[in-house]
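A short worksheet on the structure shown next.
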Amino acid sequence: MQNPTSSPSKTRSRLLAATASLAIAGAIGLGAVTSGTVPVLAEAVRVEGVQATGFADVVEKVTPAVVSVRVQARVDAASDRGRSPAFGFDMPGFDDLPDDHPLKRFFREFRGDREFRGDRGPRSERRAERDHRRHGNRERNRPVSQGSGFFISGDGYIVTNNHVVQGGQSFTVVLDDGSELEAKLVGADRRTDLAVLKVDASRDFTYVTFADDGKVRVGDWVVAVGNPFGLGGTVTAGIVSARGRDIGAGPYDDFIQIDAPVNKGNSGGPTFDADGNVIGVNTAIFSPSGGSVGIAFAIPSDTVKSVVSQLENKGSVTRGWIGVQIQQINTDIADSLGLKSTDGALVAEPQSGSPADKAGIRSGDVIVAVNGEKMKDARMLARRVSSMPPGTTVKIDLIRKGNPQTITLTLGELPKERVASRRNGNGDHDNDSLDVPKLGLTLAPANRVGGAGDEGVVVTNVDPDGAAADRFRTGDVILDVGGAAVSSPSDVRKAINDAASGGKRTVLMRVKSGPGTRFVAVPLG
1 MQNPTSSPSK TRSRLLAATA SLAIAGAIGL GAVTSGTVPV LAEAVRVEGV
51 QATGFADVVE KVTPAVVSVR VQARVDAASD RGRSPAFGFD MPGFDDLPDD
101 HPLKRFFREF RGDREFRGDR GPRSERRAER DHRRHGNRER NRPVSQGSGF
151 FISGDGYIVT NNHVVQGGQS FTVVLDDGSE LEAKLVGADR RTDLAVLKVD
201 ASRDFTYVTF ADDGKVRVGD WVVAVGNPFG LGGTVTAGIV SARGRDIGAG
251 PYDDFIQIDA PVNKGNSGGP TFDADGNVIG VNTAIFSPSG GSVGIAFAIP
301 SDTVKSVVSQ LENKGSVTRG WIGVQIQQIN TDIADSLGLK STDGALVAEP
351 QSGSPADKAG IRSGDVIVAV NGEKMKDARM LARRVSSMPP GTTVKIDLIR
401 KGNPQTITLT LGELPKERVA SRRNGNGDHD NDSLDVPKLG LTLAPANRVG
451 GAGDEGVVVT NVDPDGAAAD RFRTGDVILD VGGAAVSSPS DVRKAINDAA
501 SGGKRTVLMR VKSGPGTRFV AVPLG
């Protein structure tokens with residue numbers, strides 16, 4: 001009911017004014033305005049989010065155990081005479097150029113010898129003295145590499161990469177507090193790219209321990225600490241991306257892949273789990289750009305423990321050895337041998353006089369287990385045998401022509417690495433050469449080709465469009481086809497025809513390539 005003393009127009013004016021007041025109050029963040037009350041300010045928005053766990057506690061504990069490693073080599077100063085100091089190629093007259101010549105300045109600045117004033121003026125006496133000290137001696141030290149490492153004992157043993165210390169004459173480690181200490185090389189192992197240094201000092205060092213490799217899972221958080229680009233004490237984090245990676249670095253590849261950023265200089269540094277235990281030693285990255293793209297590889301802790309223990313005690317590593325050339329089994333080879341799976345390692349050839357040879361292991365045998373442990377592939381067999389000391393007696397389960405057998409042998413010691421010269425596969429052909437159109441190969445008896453030996457048939461030409469073009473190269477020697485030894489091209493053709501008429505889709509050939517022997521499954525279609 002309207003107030004009799006108020007006109008309709010006045011009532012509408014008061015309502016409009018009140019509405020406007022409320023709108024203004026809302027715009028400036030005030031609460032509702034009521035007659036006789038004090039305006040109330042609205043509260044700021046707050047959200048109780050999930051608090052992520054950081055790595056600061058882990059980093060604080062482990063960082064003092066991580067060091068930067070600087071490596072220097074003795075370089076003959078006279079070797080620079082008459083050579084480009086940056087690239088090492090012959091440059092007659094280089095030393096006769098004036099000191100301020102643009103080419104000479106470029107090479108010295110490129111190399112890092114910044115001894116010339118920016119205004120091209122004369123050097124100061126102090127710089128001249130330094131130049132005399134650095135270049136006047138017959139020999140001088142130059143840093144050749146830098147990397148990372150970490151203490152594994154309180155008395156100064158340090159783990160790093162072999163490729164960090166390789167070629168070094170003197171070694172300096174820089175601790176987390178900036179102090180520098182001289183170190184000596186205890187031992188190194190090229191096959192696993194590991195090395196051990198030792199610092200002698202009258203103090204106890206903070207050190208770290210290794211994780212249980214079997215408990216490391218894909219998806220676990222990890223922290224990498226190291227010296228990327230000379231920036232010591234750098235910490236990065238990520239997860240375990242994969243396990244069991246083979247990157248072609250050696251016969252014992254079994255890397256842990258991580259996505260924690262790792263760069264040049266991180267080599268030899270540790271990767272930690274969330275409890276501060278070392279799960280691996282950073283050793284390589286995959287990078288088209290040269291910097292981190294999120295793919296890095298670490299040597300697993302179990303491998304590191306085994307190798308480092310021997311390096312500490314003996315300065316070198318001895319490995320078990322059975323003496324066979326082995327290769328992976330693919331689906332074509334498995335089909336040729338009548339195997340149900342590609343598990344195991346195919347024996348290409350036992351080495352003469354080796355433990356395997358003496359125990360009766362033959363070419364074509366498939367090793368499927370060692371001491372009851374199933375072998376997934378050839379790399380696993382190599383790692384398992386090498387992890388056992390020489391003199392160990394082992395039981396080898398194998399399949400020979402479809403029949404399971406067990407052979408017992410005593411491991412020998414893996415011989416020191418030898419550099420084997422590759423046989424030159426080129427030779428004179430004779431009238432016994434024969435084309436095998438289905439394969440795209442031209443063959444000749446080995447005893448008619450110079451330097452090929454007396455056994456098998458030599459591949460003298462490979463048709464790039466042939467069925468076997470991606471499996472053979474000129475100079476390869478085919479030793480047997482389908483389990484039968486061959487000595488002439490006609491033997492090869494007959495064995496292929498027999499396999500095809502028997503309904504086989506592939507035929508297995510044993511082939512000698514250079515110093516090694518391998519099996520090749522060749523399609524017959």
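Position 310, counted from 1, in the sequence shown is what this note's numbering calls 310; the numbers after and before it change by one each time, with no gaps. C-beta: ideal position from N, C-alpha, C; glycine also. Owing to the predicted nature of the structure, the values given are computational and were not obtained by experimental measurement.
Legend entry - For E60, the first and last residue of its enclosing alpha helix (DSSP H): A56 to V62
Inset, instruction - Using alpha carbons as the reference points, say which of A485, L441, K305 and P523 lies closest to A211. - result: K305
Legend entry - CB contact flag (G227, A188, <8 angstroms): Just to set this straight, residue 227 is Asn in the shown sequence, not Gly. Against a cut-off of 8 angstroms, the Cβ pair of A188 and N227 comes out as no contact.
Inset, instruction - Classify D131 as helix, strand or coil using the three-state DSSP reduction. - result: Note that D131 scores a pLDDT of 48, beneath 50, so its modelled location is shaky; the value from the coordinates is reported in the next line. Three-state DSSP puts D131 in a helix.
Legend entry - Euclidean distance between Cα positions of V522 and A224: 46 angstroms
Inset, instruction - Work out the CA separation of Q257 and S241 for me, nearest whole Å. - result: 5 angstroms
Legend entry - Distance CB(N282)-CB(A298) smaller than 8 angstroms: yes
Inset, instruction - Report yes if the CB atom of T506 is closer than 8 angstroms to the CB atom of D332, and no otherwise. - result: yes
Inset, instruction - Tell me whether R191 sits in a helix, a strand or coil according to DSSP, three-state version. - result: coil
Inset, instruction - Ignore the nearest five residues each way along the sequence and tell me which others in A369's own chain have a CB closer than 7 angstroms to its CB. - result: M375 and D397
Inset, instruction - Enumerate in chain order the residues of its own chain whose CB-to-CB distance from I568 is below 6 angstroms, with the five nearest sequence positions on each side excluded. - result: This structure cannot settle anything about residue 568, because the visible part of the chain is limited to 1 through 525.
Legend entry - Burial state of V460, where buried means 16 or more other Cβ atoms lie within 10 Å: According to the sequence provided, residue 460 is Thr. The question's Val does not apply to it. The residue is buried, with at least 16 neighbouring Cβ atoms inside 10 Å.
Legend entry - Residue of N263, L311 and L181 minimising C-alpha distance to V235: N263
Legend entry - Residue environment, K512, which counts as buried when at least 16 other CB atoms sit within 10 Å: buried
Legend entry - Nearest to A378 (by Cα), restricted to the options L337, V196 and D253: D253
Inset, instruction - Please check the pair G238 and V216, which I expect to be a contact at CB under 8 angstroms, by giving their CB distance rounded to whole angstroms. - result: Their Cβ separation, rounded to whole angstroms, is 14 angstroms, which puts G238 and V216 out of contact at 8 angstroms.
Inset, instruction - Helix, strand or coil for A44, going by three-state DSSP, please let me know. - result: coil
Inset, instruction - Count the other CB atoms, across all protein chains shown, that sit within 10 Å of the CB of A56; report buried if there are 16 or more and exposed otherwise. - result: exposed
Legend entry - Beta-carbon separation (whole angstroms), V173 vs V69, contact threshold 8 angstroms: 6 angstroms
Inset, instruction - Within the same chain, show all residues whose beta-carbon is closer than 7 angstroms to that of A201, passing over the 5 residues directly before and after it, in chain order. - result: G156 and L181
Inset, instruction - Using 10 angstroms around the beta-carbon of V45, count the other beta-carbons present and answer buried if the total reaches 16, otherwise exposed. - result: exposed
Inset, instruction - Please report the Cβ distance between G466 and L439, rounded to the nearest whole angstrom; I am assuming they are in contact, meaning their Cβ atoms lie under 8 angstroms. - result: 6 angstroms
Legend entry - Contacts around K61, its chain only, beta-carbon distance under 8 angstroms, and the 5 residues preceding and following it disregarded: G276
Legend entry - Cβ-based burial, E349 [other Cβ within 10 Å; buried from 16]: buried
Inset, instruction - Just mark R418 as buried or exposed, buried being the case when its beta carbon has 16 or more other beta carbons within 10 Å. - result: At R418 the pLDDT is 39, less than 50, meaning the model places this residue with poor confidence and gives no usable figure here.
Legend entry - A359 in three-state terms, based on DSSP: helix
Inset, instruction - Specify, as a first and last residue, the run of the beta strand (DSSP E) that K512 falls within. - result: T506 to S513
Inset, instruction - Check the DSSP bridge columns for P404 and list the partner residues they point to. - result: I399
Inset, instruction - Using DSSP bridges, identify the partner residues of S68. - result: S148 and V174
Inset, instruction - Answer with buried or exposed for F229, where buried requires no fewer than 16 other C-beta atoms within 10 angstroms of its C-beta. - result: exposed
Inset, instruction - With a 10 Å radius around its C-beta and 16 neighbouring C-beta atoms as the bar for buried, classify G219 as buried or exposed. - result: exposed
Inset, instruction - Would you kindly report the start and end of the unbroken beta strand (DSSP E) that includes S153? - result: From DSSP, S153 is part of no beta strand (DSSP E); its letter is neither H nor E.
Inset, instruction - Count the other CB atoms, across all protein chains shown, that sit within 10 Å of the CB of D273; report buried if there are 16 or more and exposed otherwise. - result: buried
Legend entry - Length of the line joining the Cα atoms of N330 and T192: 26 angstroms
Legend entry - G412 beta carbon less than 8 angstroms from that of G516: no
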